[in-house]
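Peer 1: So for the sequence shown, my numbering puts the first residue at 8; every next one is plus one. Virtual Cβ for every residue (Gly too), placed ideally from N, Cα, C. Predicted model only: the values in this text are computed from it and were never measured. Questions regarding the structure given below will be posed in turn.
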Amino acid sequence: HKQRNVKRILRMNYFTYRKRLNYLKTTYQKLDEKYKTLEASKEKMQQEDYLELNDLARESDEVYNWIESLKTEYFTDKCNQLVIPLPPKEDSIYYYKFDFNNDEDEQFIFTTEGFQFARTAIRKEIKERREAWAFWLTTATGIIGGLIGLITIIKIRL
C-alpha cells in the first residue's frame, strides 16, 4: 500500500509537466536569443566573446536535452500508467544517451522515433479503452431503455 502512494507522489501530472516544460523552453529561447545576438556581431568579436559564444552553445544544448529528458520522463510515465511496454533502452533507434555532468549516470532520452512510438502507443491504448467503455455504455443505455419501455407497456395494460 505504501509503495503505491510513493509511486503516486513520484508520478508527474500533466500540469507539473507543462510548468517545467514552459520554464525550460523559456530558458532555451533566452539562451538562443543571446547566442544569435552575439553571433550577429562576429566582426567585432574578441577572444572572450568567442568563449562566451561557445559557453552559450554548450548551455543551450544542455537545456535542450533537459527539455527532451523531461518529455521522455513524462511519456515513459504515461506508458507505465497505461501498462504499455517500451522498447529496450539499448535500442539506438528509440533512445540516445546524454550525460548532464551531475552525479547520476547517463540518461536515456527518446529520439524522434521514440517519441513517435510512445505517442502512437498511448493514443492507441486510450482509444481502445474508450471504445470498451462506449460499448458497455451503449449496451446499458439500450437495456435501460428497453426496461423502461417494457414497464410502460405493462402499466398501460394494467
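1. Over what stretch of residues does the beta strand (DSSP E) that includes residue 104 continue unbroken?
2. Can you list, in chain order, the residues of its chain with a C-beta nearer than 8 angstroms to that of residue 137? Leave out the 5 residues immediately preceding and following it.
3. Any idea which residues DSSP pairs residue 163 with across the strands?
4. Decide if residue 147 is buried, meaning its Cβ has at least 16 other Cβ atoms within 10 Å, or exposed.
5. How is the alpha helix (DSSP H) around residue 88 delimited, first residue to last?
6. Could you pull out every residue in the same chain whose Cβ sits closer than 7 angstroms to the Cβ of residue 101, ignoring the five residues on either side in sequence?
7. For residue 115, which residues does DSSP report across the bridge?
8. Taking the alpha-carbon positions, what's the residue 132 to residue 38 distance?
9. Short of 6 angstroms in beta carbon distance, which residues of its chain neighbour residue 60, apart from the five on each side in sequence? Order them along the chain.
Peer 2: Looking at the coordinates:
1. For the purposes of this step, residue 104 is taken as the residue at position 97 of the sequence shown. 102 to 105 is the extent of the beta strand (DSSP E) around residue 104.
2. For the purposes of this step, residue 137 is taken as residue 130 along the sequence shown, with counting starting at 1. Result list for residue 137: empty, nothing under 8 angstroms.
3. Working through the sequence shown from its first residue, we reach residue 163 at position 156. Residue 163 pairs with nothing; no bridge assigned.
4. Counting from one through the sequence shown, the residue named residue 147 turns up at place 140. With fewer than 16 other Cβ atoms within 10 Å, it is exposed.
5. Against the sequence shown, residue 88 aligns to sequence position 81. Taken as a continuous stretch (DSSP letters only), the alpha helix (DSSP H) holding residue 88 covers 54 to 88.
6. Against the sequence shown, residue 101 aligns to sequence position 94. So the qualifying residues of the chain are 94, 117, 118, 120, 121, 124.
7. Position 108 of the sequence shown, counting from 1, holds the residue named residue 115. Paired residue(s): 104.
8. Indexing the sequence shown from 1 puts residue 132 at position 125. Indexing the sequence shown from 1 puts residue 38 at position 31. Their Cα atoms are separated by approximately 38 angstroms.
9. As a first step, residue 60 is located in the sequence shown; it is residue number 53 there, counting from the start. So the qualifying residues of the chain are 45.
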